[in-house]
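Student: I'd like to ask you about the structure that follows.
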Amino acid sequence: MDSSYCSNVKEFLQAVFKIHKEYGSIVRLWLGVNLFVILSDPKYVEVILGSNKLIDKGVIYKYLYDWLGTGLLTSTGAKWKRHRKIITPTFHFKILEDFIDVFNLNGQKMVYKLQKEVNGPEFDICPYVTLCTLDIICETAMGISINAQDGGSADFVEATKVIADAIICRSFKPWLHPEIIFRMSSTGRGHAKALASSSWTDRKGAKKRRAFLDMLLESVQDGNMMSDAEVREEVDTFMFEGHDTTASGVSFTLSSLSMYQDIQAKAVEELNSIFGDSDRNKK
71 MDSSYCSNVK EFLQAVFKIH KEYGSIVRLW LGVNLFVILS DPKYVEVILG SNKLIDKGVI
131 YKYLYDWLGT GLLTSTGAKW KRHRKIITPT FHFKILEDFI DVFNLNGQKM VYKLQKEVNG
191 PEFDICPYVT LCTLDIICET AMGISINAQD GGSADFVEAT KVIADAIICR SFKPWLHPEI
251 IFRMSSTGRG HAKALASSSW TDRKGAKKRR AFLDMLLESV QDGNMMSDAE VREEVDTFMF
311 EGHDTTASGV SFTLSSLSMY QDIQAKAVEE LNSIFGDSDR NKK
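Reading the sequence shown from the start, the letters are residues 71 to 353 in the working numbering.
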C-alpha cells in the first residue's frame, strides 16, 4: 500500500475498502516491515475471534504496553488465561443488576445534555457517550463519582484521548514504529506527557472500592494473589475498555439508528412495549 495513505486514517480505511472490493474478502498488506491480513467476511472473522487457541496479539498491541502494561487486552498465554478466570465472574448478571440505578442516572444525564442538539445541525455524539460511560465505569467499578459529564476529571479524559490518538497515529505511520523515532517525535512526546495523567490506581478516592477493584485486590488464583502491578494493569485496562470501547459501540449503534429510521421506530416500539410509562430510574 502506498505510504501516503498512512497519514490519514480515513483515507487508509477507504483504501482498504477499495482493495477488498477489487481482491475479495481476504487481503494482505504491508505497513513498513509488518504484514497484515485483513478480513471482511464475518464468517472468517468469527473463526478467529471465536478461537480459544489464537489468543496471541498482533504487533500493534505492543504500542499499548507503556499505557496498559500486559493486562487482559494485551497479555497472552498463561497470564491471559489466569486473569481471565479471575475477571470473568465480575460480569455476572446478578452483579450488574446492582448497578441499574447508576446506568439510569447517568443515561438520563446524557439525554439531558443532548437536548441542546435537538433540531440543530449534524453533530458528533461520541463525546457525549464517552463521558457518560466514563461516569458509569468509575462509579460501578472504582466506587467513586467523578462527574465527567459535568466537567470532572478533565485531565483523565484528555489524557486518554491524547494517548489513544497517538497510538492510532503510530500504528498507521510506519516511520513511527521504531521506538527511538516515536519518542523523539511530537506525537511521542505528547504521548509520554499524557501517560502521567492516565492511571486510576494512584487517584485520590479510589480507596472506596466496589465490585471490580475489590475482586482484583482479594482474588487468589492457584494460591497466588495478583501483584500490585497486575492490579494496576487490569484497572487501567478496564477503565479504558470499559468506557472508550463501550462508547464506540454505543455511538455506532446510535449513528446506525439515525440513518435507518425504520429500524429506529421498531426499537422505540419495543422499548415502549416493555417499559410503557414506567419510571425507569426506579427498580
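Don't be surprised by glycine CBs; every beta carbon is placed ideally from N, CA and C.
Could you check the C-alpha separation between glycine 102 and tryptophan 245 for me, to the nearest Å?
Tutor: Against the sequence shown, residue 102 aligns to sequence position 32. Against the sequence shown, residue 245 aligns to sequence position 175. Looking at the two C-alpha atoms, the distance is approximately 7 Å.
Student: Taking the C-alpha atoms as reference points, what is the distance between leucine 189 and serine 321?
Tutor: In the sequence shown, counting from the first residue as 1, residue 189 sits at position 119. In the sequence shown, counting from the first residue as 1, residue 321 sits at position 251. Checking the sequence, you will find asparagine at residue 189 rather than leucine. Asparagine 189 and serine 321: Cα-Cα distance of roughly 19 Å.
Student: Over the uninterrupted alpha helix (DSSP H) stretch that includes tryptophan 100, give me the two end residues.
Tutor: Taking the first residue of the sequence shown as 1, we reach residue 100 at position 30. Element bounds for tryptophan 100: not the alpha helix (DSSP H) but the beta strand (DSSP E), 96-101.
Student: Please report the Cβ distance between leucine 142 and isoleucine 157, rounded to the nearest whole angstrom; I am assuming they are in contact, meaning their Cβ atoms lie under 8 Å.
Tutor: Position 72 of the sequence shown holds residue 142. Position 87 of the sequence shown holds residue 157. About 6 Å separates the two Cβ atoms, so the contact holds.
Student: Can you give, in chain order, each stretch of the alpha helix (DSSP H) that sits fully within the stretch 144-216 and has at least 4 residues?
Tutor: 147-157, 163-167, 170-184, 196-207
Student: Taking only three categories from DSSP, how would you classify leucine 83?
Tutor: Along the sequence shown, one-based indexing puts residue 83 at 13. In the structure shown, leucine 83 sits in a helix (DSSP, three-state: H, G or I).
Student: With C-beta atoms as the reference, is valine 199 less than 8 Å away from alanine 317?
Tutor: The count along the sequence shown starts at 1 and reaches residue 199 at position 129. The count along the sequence shown starts at 1 and reaches residue 317 at position 247. Yes, Cβ-Cβ distance for valine 199 and alanine 317 is below 8 Å.
Student: For alanine 276, I'd like the list of residues in its chain whose CB is within less than 8 Å of its CB, leaving aside the five on either flank, ordered along the chain.
Tutor: Residue numbering aside, residue 276 sits at position 206 when the sequence shown is read from its first letter. Note that alanine 276 has pLDDT 48, beneath the 50 cutoff, so the model's placement of it is unreliable and the number below is only indicative. Here the set comprises Met212, Gly213, Ile214, Trp270, Leu283.
Student: So, is threonine 203 buried or exposed, given that buried needs 16 or more other C-beta atoms within 10 angstroms?
Tutor: By one-based count along the sequence shown, residue 203 stands at place 133. Label assigned to threonine 203: buried.
Student: Taking the straight line between their C-alpha atoms, what separation do you get for methionine 180 and glutamine 219?
Tutor: Counted from its first residue, the sequence shown places residue 180 at position 110. Counted from its first residue, the sequence shown places residue 219 at position 149. Distance between the alpha carbons of methionine 180 and glutamine 219: 7 Å.
Student: Cβ atoms of threonine 210 and phenylalanine 252: under 8 Å apart, would you say?
Tutor: Taking the first residue of the sequence shown as 1, we reach residue 252 at position 182. Taking the first residue of the sequence shown as 1, we reach residue 210 at position 140. Going by C-beta atoms, phenylalanine 252 is not nearer than 8 Å to threonine 210.
Student: Leaving aside the five residues before and after glutamate 303 along the sequence, list all residues of the same chain whose C-beta is less than 7 Å from its C-beta, in chain order.
Tutor: By one-based count along the sequence shown, residue 303 stands at place 233. For glutamate 303, where only same-chain residues beyond five positions count, the Cβ hits under 7 Å are Leu138, Gly139, Thr140, Gly141.
Student: Roughly how many whole angstroms lie between the Cα atoms of isoleucine 207 and glycine 312?
Tutor: On the sequence shown, residue 207 is found 137 positions in, with the first residue counted as 1. On the sequence shown, residue 312 is found 242 positions in, with the first residue counted as 1. Spanning the two alpha carbons is a distance of roughly 6 Å.
Student: Could you give the first and the last residue of the continuous beta strand (DSSP E) run that contains valine 107?
Tutor: Start at 1 with the first residue of the sequence shown, and residue 107 comes out as number 37. Per DSSP, valine 107 belongs to the beta strand (DSSP E) from 104-109.
Student: Take glycine 258 and list the residues in its own chain whose beta-carbon comes closer than 6 Å to its own, dropping the five residues that flank it on each side.
Tutor: One-based indexing of the sequence shown puts residue 258 at position 188. So the list reads Phe252, once near-sequence residues are dropped.
Student: At the level of alpha carbons, what is the spacing between alanine 234 and leucine 341?
Tutor: On the sequence shown, residue 234 is found 164 positions in, with the first residue counted as 1. On the sequence shown, residue 341 is found 271 positions in, with the first residue counted as 1. Taking the straight line joining both Cα atoms gives about 34 Å.
Student: Here's the rule I'm using: 16 or more other beta-carbon atoms within 10 Å means buried, otherwise exposed. How should aspartate 171 be labelled?
Tutor: The count along the sequence shown starts at 1 and reaches residue 171 at position 101. Classification of aspartate 171: exposed, given that the 10 Å Cβ count is below 16.
Student: Measure the alpha-carbon distance for isoleucine 130 versus serine 241 and round it to whole angstroms.
Tutor: Counted from its first residue, the sequence shown places residue 130 at position 60. Counted from its first residue, the sequence shown places residue 241 at position 171. Whole-angstrom Cα-Cα distance: 6 Å.
Student: Would you check if the distance between the CB atom of isoleucine 89 and the CB atom of valine 79 is smaller than 8 Å?
Tutor: Translated into the one-based positions of the sequence shown, residue 89 becomes position 19. Translated into the one-based positions of the sequence shown, residue 79 becomes position 9. Going by C-beta atoms, isoleucine 89 is not nearer than 8 Å to valine 79.
Student: Between which two residues does the alpha helix (DSSP H) harbouring asparagine 342 extend?
Tutor: Within the sequence shown, the letter at position 272 stands for residue 342. Start and end: 331-345.
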